[in-house]
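Trainee:
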Amino acid sequence: MKRSVRACLLVLCCGCVPVASATEIRTFKDTTEQLRYEQLVEELRCLVCQNQSLADSDADLARDLRDEVYQIIRSGKSDEEAVQFLVERYGDFVLYRPPVKPMTWLLWLGPFLALAGGLLFIRSRTRQHAATRSPELNAAERERLRQLEGDTRK
Amino acid sequence: MRLTFLIPLVVFVLMVVLLGVGLTLNPREVPSPFIGKPAPAFSVPQLHAPDEALTSEVFRGQVSLLNVWASWCVSCRQEHPLLVELAKTDRVPIYGLNYKDERNAALEWLARLGNPYRSSAFDADGRIGIDWGVYGVPETFVIDRKGIIRHKFTGPLTREAIDDILLPLVQQLKGEPG
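Top line first, the protein sequences correspond to chains Z and D. Count along the first sequence starting at 1, add 2, and that's the number in our numbering. Mapping the second sequence onto our numbering, position 167 (from 1) lands on 159, and the numbers just tick up by one.
Shown next, in the form of structure tokens:
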């Protein structure tokens, strides 16, 4: 019994340990450089396991590409140059944040279009509603209202 | 009778069609930024002759294929017989890029399964692979007479892909002025 409880605890503890996936030991000039590198590999997509970033992926290619990014950063080049290096070779697909261009207009503007469409729809519906309900009572309705009021007064 | 009550149904059908088409697409087919661009330059030792270099100059003046392969790659083995067969027909020269492999393993692999390549570049550290945007071995590039990449197959070639896409394209490119 005790043993199984311990086993459960052990399993739980293992779950808590942050999974240090695919991290090589790297040396940087300073923290800014390190942060730049870490941010870059977070934002670039691994092409082998397509739903993971370069930082997350354990694929061989991801490791090679992390090396490339590291070398580029270390050689004093800018983040843009590192991104460009990968885009030239693998296309915009490597970017988790795709650039705004005619091809991606729908992607970027789609949510706003949907929102605008929804708002227009709601507006037209409420207007329709308002139009069908006439605020004035006609003669028969007024008579009925008087009757009802009369009933409650009695 | 107004048909506004059909709007949700129409929207639903459109969504189903959109998502249905999405399901049939192959997410591994990432459009290559190299189509229409010159083949990236390289000069690396040949697999069979470490002292001699294979350079990207070899693609100039002829329609050719570059097949990225490795002895550790399972899908390469799957497409290999088709490449051997294609090489025998002599319709288009095939060059190899031996990607992140060990020389002995690669040589042994070719000795056992046949060598369809005019020559293979030995890309031990995968640098040439990165320059060519290789991400899923095997990959096959179709290169025209001017040394421009015109098409890329990602993943193993199939008989259909060769007969329906690759060979007609090669035929068309041969007709273009060099």
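Think of the CB as a built atom: it goes at the ideal place given N, C-alpha and C, for glycine as much as any other residue. Computed from a prediction, not measured in an experiment: that's the story for all the values here.
1) For Pro37/D, collect the residues of the same chain with a Cβ closer than 8 Å to its Cβ; drop the 5 residues on either side in sequence, then sort them by chain order.
2) Exposed or buried, which one is Ile27/Z when buried takes at least 16 other CB atoms within 10 Å?
3) What residue from Arg146/Z, Arg127/Z, Gln36/Z, Leu139/Z has the CA that sits closest to Phe(-3)/D's CA?
4) Just the Cα atoms here: how many angstroms apart are Pro100/Z and Leu49/Z?
5) How about Glu82/Z: is its C-beta nearer than 9 Å to some C-beta of chain D?
6) Measuring CA to CA, which of Val71/Z, Lys79/Z, Asp153/Z is closest to Ile122/D?
7) In chain order, what residues of the same chain have a beta carbon less than 7 Å from the beta carbon of Asn90/D, not counting five sequence neighbours either side?
8) With burial defined as no fewer than 16 other Cβ atoms inside 10 Å of the residue's Cβ, what is the status of Gly152/Z: buried or exposed?
9) If you measure from the beta carbon of Leu1/D to each beta carbon in chain Z, is any gap under 9 Å?
10) Could you compute how far the alpha carbon of Leu109/Z sits from the alpha carbon of Ser55/Z?
11) Rounded to the nearest angstrom, what separates Phe145/D and Phe26/D at their Cα positions?
12) Roughly how far, in whole angstroms, is the beta-carbon of Gly147/D from the beta-carbon of Arg(-6)/D, given that I think they are within contact range, below 8 Å?
13) Hey, out of Ser24/D, Ala41/D, Ser48/D, whose CA is closest to Ser35/D's CA?
14) List in chain order: all unbroken beta strand (DSSP E) runs of 3+ residues lying wholly within the region 88 to 153 of chain D.
15) Interface residues of chain D around Asp58/Z at Cβ under 7 Å?
16) For Leu67/Z, decide whether its Cβ has a neighbour in chain D, counting only Cβ atoms nearer than 9 Å.
17) For Pro25/D, name the three-state secondary structure that DSSP assigns.
18) In chain order, what residues of the same chain lie with their CB nearer than 8 Å to the CB of Tyr127/D, ignoring the 5 residues before and after it?
19) Please name the residues in the region -7 to 22 of chain D whose beta-carbon is closer than 7 Å to at least one beta-carbon of chain Z, in chain order.
20) Please report how far the alpha carbon of Ser24/D lies from the alpha carbon of Asp94/Z, in whole angstroms.
21) Return helix, strand or coil for Gln38/D, following the three-state DSSP convention.
22) Below 8 Å on the Cβ atoms is my contact criterion, and I expect Glu45/Z with Ile75/Z to pass it. Report the Cβ-Cβ distance as a whole number of Å.
23) How many angstroms separate the CA atom of Gly118/D from the CA atom of Phe123/Z?
24) Quick one: what does DSSP say Leu49/Z is sitting in, helix, strand or coil?
25) Please report the distance separating the alpha-carbon of Gly88/D from that of Gly139/D.
Mentor: According to the structure shown:
1) Asp43, Glu44, Ala45, Leu46, Ala113, Phe114
2) exposed
3) Arg127/Z
4) 15 Å
5) no
6) Val71/Z
7) Leu39, Trp61, Ala62, Ala98, Ser112, Ala113, Phe114, Asp115
8) exposed
9) no
10) 20 Å
11) 12 Å
12) Not confirmed; about 51 Å, so no contact.
13) Ser48/D
14) 111 to 115, 131 to 135, 141 to 146
15) By Cβ distance, chain D contributes nothing, its closest Cβ being about 16 Å from Asp58/Z, past 7 Å.
16) yes
17) coil
18) Val22, Thr146
19) Pro19, Val22
20) 10 Å
21) strand
22) Not quite, the Cβ-Cβ distance comes to about 13 Å (not below 8 Å), so this is no contact.
23) 55 Å
24) coil
25) 16 Å
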